[in-house]
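Numbering (the working numbering), first residue to last: 1 to 505. Here a beta-carbon is modelled for each residue, glycine too, at the ideal position from N, C-alpha and C. Here is the structure we will look at, set down as structure tokens.
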Amino acid sequence: MGAAICREAPAIYNTEQHHCTVTARANRDTRSRYLQGTAGNMGMYAAGIPVGIITDRKSPRLAGVIGMLSLFVGYYPIHIAYDQGAGSMSVALISLCSFMSGVGSCAAFQAALKVATLNWPTHRGTATAFPLAAFGLSAFFYTFIAGVSFPGDTSSLLSLLSFGTSLVVLAALPFLHVVDHKAGTGYAVLPTSERTRRDSNVLQRTRSDSSKHSSRFSSSSVPESEPNNDERDGDSDETLSLLSGPGDLPPEDDTASKASRKSNHSRCLDVTGLALLYRYEFWQIWVIMGLLTGVGLMTINNIGHDAQALWNHWDPSKSKDFVAHRQLWHVSIISLGSFSGRLISGIGSDIIVKRLGGSRFWCVAASATVFLLAQICATRIEDPNYLWAVSGLCGLAYGILFGVLPAVVVDVFGPDGFAVNWGFMTIAPVVSGNIFNLFYGAVYDSHSEVQAGGEFNCDEGIICYKAAYYVTLASSVLGILACLWAIQTERAIRRKTVEQGGHGA
1 MGAAICREAP
11 AIYNTEQHHC
21 TVTARANRDT
31 RSRYLQGTAG
41 NMGMYAAGIP
51 VGIITDRKSP
61 RLAGVIGMLS
71 LFVGYYPIHI
81 AYDQGAGSMS
91 VALISLCSFM
101 SGVGSCAAFQ
111 AALKVATLNW
121 PTHRGTATAF
131 PLAAFGLSAF
141 FYTFIAGVSF
151 PGDTSSLLSL
161 LSFGTSLVVL
171 AALPFLHVVD
181 HKAGTGYAVL
191 PTSERTRRDS
201 NVLQRTRSDS
211 SKHSSRFSSS
221 SVPESEPNND
231 ERDGDSDETL
241 SLLSGPGDLP
251 PEDDTASKAS
261 RKSNHSRCLD
271 VTGLALLYRY
281 EFWQIWVIMG
291 LLTGVGLMTI
301 NNIGHDAQAL
311 WNHWDPSKSK
321 DFVAHRQLWH
331 VSIISLGSFS
341 GRLISGIGSD
351 IIVKRLGGSR
361 FWCVAASATV
371 FLLAQICATR
381 IEDPNYLWAV
391 SGLCGLAYGI
401 LFGVLPAVVV
411 DVFGPDGFAV
421 NWGFMTIAPV
431 VSGNIFNLFY
441 GAVYDSHSEV
451 QAGGEFNCDE
461 GIICYKAAYY
471 VTLASSVLGI
481 LACLWAIQTE
491 RAIRRKTVEQ
501 GGHGA
């Protein structure tokens with residue numbers, strides 16, 4: 001399942017790099033490159049709702065098949081367009097292919113997350129952390145292979161993305177299987193007419209999750225004639241010792257059990273679809289996601305331009321191949337940072353919730369804080385040799401954010417409609433990501449000069465993009481404030497729940 005995710009992140013991290021290279025041949029301005037680069041992000045995020053419906057109502061495996069086909073359809077035409085050179089494919093068609101690669105990433109990504117969420121319901125943060133981390137590491141995986149096997153060969157890199165991503169998803173499809181927690185309860189009633197034997201046939205609840213979700217089986221299997229309490233008390237020890245398997249527990253009150261699970265794992269279970277729009281929790285998470293993902297996507301999509309602008313100003317003697325190598329280097333740094341952040345926040349959020357009794361929003365607040373540090377670095381670093389601080393911190397923050405948000409969504413709205421709910425959430429990056437990317441493009445182009453070949457180039461160093469990072473710095477501050485608001489809201493809800501429970505007792 002992690003392998004199903006491990007191949008799809010190039011639709012985000014490598015989109016900026018190979019689209020800049022492809023469109024540079026067509027002498028497109030910076031804003032056109034951003035439109036094509038962000039098309040992949042739009043496919044990744046805007047397809048969330050329809051893909052989520054397929055994942056929730058049909059099967060994660062079908063979503064995986066759609067992802068496999070879309071990745072190939074998205075990457076392979078771009079590979080052909082690059083080989084054939086300028087004029088072989090229009091900007092609109094390249095953007096459409098980029099969009100399809102994003103759709104493929106979205107489909108396989110949601111399939112893997114859905115399986116992880118359902119198969120490990122009590123450790124969702126940790127379970128989703130590993131496929132999420134593989135997602136973050138994939139850009140490093142592909143750029144490393146390309147750098148070792150065919151350095152500087154963009155055509156071969158695009159070919160690798162075309163076949164490698166789709167084939168890995170194909171290989172992972174058999175593992176996209178949801179474990180049925182309702183099956184295999186092992187309940188059985190031994191036929192007998194003896195009163196004492198009937199007493200020992202009373203079904204016992206096991207510790208397994210499957211039994212917790214299968215109370216209807218026990219209600220249909222238990223004989224209608226119940227023994228009286230005096231008779232049961234005398235034989236209870238013998239009954240448990242003879243018939244209870246390892247880990248069996250005495251029956252517990254179903255109502256109390258369900259209420260406990262609801263209070264521990266979700267504030268409002270099983271809310272999905274348009275009903276989300278009427279809940280303030282949805283807008284709370286949506287706003288936080290929009291504020292912070294826009295910050296991350298702007299740097300992820302434009303770190304190559306940051307590096308190019310700084311090197312053009314710092315040392316104009318550096319060759320284009322050298323600058324291109326440094327651009328790929330920053331893509332790898334972002335990928336490694338994202339990988340680390342997703343593991344840290346996924347596992348860490350489970351520790352915060354289960355051991356410390358805290359909120360997962362603390363991990364989101366940590367992400368916003370790291371984003372803030374990255375933006376400060378971006379507005380101050382003029383030496384391109386230290387630009388790794390921007391890419392590293394941004395990748396780490398982006399990873400922390402996406403490592404915990406799926407678990408937050410499941411905790412708040414329940415697991416049944418997770419894929420659709422996540423699709424609604426991912427509309428936020430479409431909005432904020434495009435706004436920040438277009439603003440970056442406008443700032444960069446305003447400081448650029450058109451070269452003899454028609455290519456836009458900026459050699460003013462940090463001035464080329466500094467104004468754009470002031471906007472994302474403000475967005476990071478707003479993200480921190482929004483996280484603190486969410487934490488306070490969650491505390492108030494818990495306090496109210498405890499007070500109501502005390503009055504009820």
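Check                                                                                                                   : Outcome
Continuous alpha helix (DSSP H) stretch holding His79: start and end                                                    : Pro60 to Gln84
Inter-residue CB distance, Gly433 and Gly52 (contact presumed, cutoff 8 Å)                                              : At roughly 19 Å, the Cβ-Cβ gap does not stay under 8 Å, so Gly433 and Gly52 are not in contact.
N- and C-terminal bounds of the alpha helix (DSSP H) containing Val295                                                  : Tyr280 to Trp314
CA-to-CA distance, Gly392 to Ala486, given in whole angstroms                                                           : 27 Å
Counterpart residues of Val450 in DSSP-defined beta bridges                                                             : Phe456
Nearest residue (CA-CA) to Asp383, options Tyr470, Ile463 and Ser162                                                    : Ile463
8 Å contact criterion, which Gly346 and Gly125 should meet: CB distance rounded                                         : 5 Å
Boundaries (first-last residue) of the alpha helix (DSSP H) holding Arg57                                               : Gly48 to Arg57
Cβ-Cβ distance between Leu343 and Phe140 below 8 Å                                                                      : no
C-alpha distance - Ala259 paired with Thr122, whole-angstrom precision                                                  : Only weak support exists for where Ala259 lies, its pLDDT of 42 falling under 50; the value from the coordinates is given anyway. Going from the Cα of Ala259 to the Cα of Thr122 covers about 15 Å.
Burial state of Phe322, where buried means 16 or more other Cβ atoms lie within 10 Å                                    : exposed
Ser214 versus Leu373 - alpha carbon distance                                                                            : With a pLDDT of 39 at Ser214, under the threshold of 50, the modelled position of that residue is not reliable, and the figure given next carries that caveat. For Ser214 and Leu373, the distance between alpha carbons rounds to 49 Å.
Nearest to Tyr465 (by Cα), restricted to the options Val477, Ser448, Ile94 and Gln84                                    : Ser448
Three or more C-beta pairs below 8 Å linking the segment 314-331 and the segment 358-377                                : no
Inter-residue spacing [alpha-carbon to alpha-carbon] between Ala407 and Leu113                                          : 10 Å
Burial state of Trp283 (16 or more Cβ within 10 Å)                                                                      : exposed
Alpha-carbon spacing of Thr185 relative to Val409, whole angstroms                                                      : Because the pLDDT of Thr185 is 46, which lies under 50, any placement of that residue in the model is unreliable, and the number read from its coordinates should be weighed accordingly. Looking at the two C-alpha atoms, the distance is approximately 29 Å.
Extent of the continuous alpha helix (DSSP H) run through His123                                                        : No alpha helix (DSSP H) holds His123; DSSP gives it neither H nor E.
Beta-carbon spacing of Ala47, Cys97 below 8 Å                                                                           : no
Any C-beta of chain D under 8 Å from that of Ile300                                                                     : The chain labelled as chain D is not found in the depicted structure, where only one protein chain is given.
Spatial neighbours of Ser332 in its chain, beta-carbon cut-off 6 Å, leaving aside the 5 residues before and after       : Phe140 and Thr143
Residue range of the unbroken alpha helix (DSSP H) whose run includes Asp321                                            : Lys320 to Lys354
Cβ-based burial, Tyr386 [other Cβ within 10 Å; buried from 16]                                                          : exposed
Neighbourhood of Val353 by C-beta distance below 7 Å, restricted to the same chain and skipping five residues each side : Arg360
At least three beta-carbon pairs within less than 8 Å, the segment 392-406 to the segment 67-81                         : no
Between the CA atoms of Gly403 and Leu190 - distance to the nearest angstrom                                            : Below a pLDDT of 50, predicted positions are generally treated as unreliable, and Leu190, at 48, falls in that range; the measurement from the model is reported next regardless. About 48 Å.
Supposed close pair Tyr45, Ile288 - CB separation, criterion 8 Å                                                        : Actually they do not touch by this definition, with Cβ atoms about 15 Å apart.
Extent of the continuous alpha helix (DSSP H) to which Ile462 belongs                                                   : Element bounds for Ile462: n/a, residue is neither H nor E.
Which of helix, strand or coil DSSP assigns to Pro151                                                                   : coil
Nearest residue (CA-CA) to Ser340, options Ala108, Gln110, Leu132 and Phe439                                            : Leu132
Straight-line Cα distance separating Pro415 from Pro60                                                                  : 14 Å
Continuous alpha helix (DSSP H) stretch holding Phe424: start and end                                                   : Phe418 to Met425
Nearest-angstrom Cα separation, counted from Phe439 out to Ser468                                                       : Note that residue 468 is Ala in the sequence shown, not Ser. So the two alpha carbons sit approximately 7 Å from each other.
Where Ser95 falls, given that 16 or more other Cβ within 10 Å makes a residue buried                                    : buried
Beta-carbon spacing of Ile54, Ile66 below 8 Å                                                                           : yes
Collapsed DSSP secondary structure at Leu387 in the structure displayed                                                 : coil
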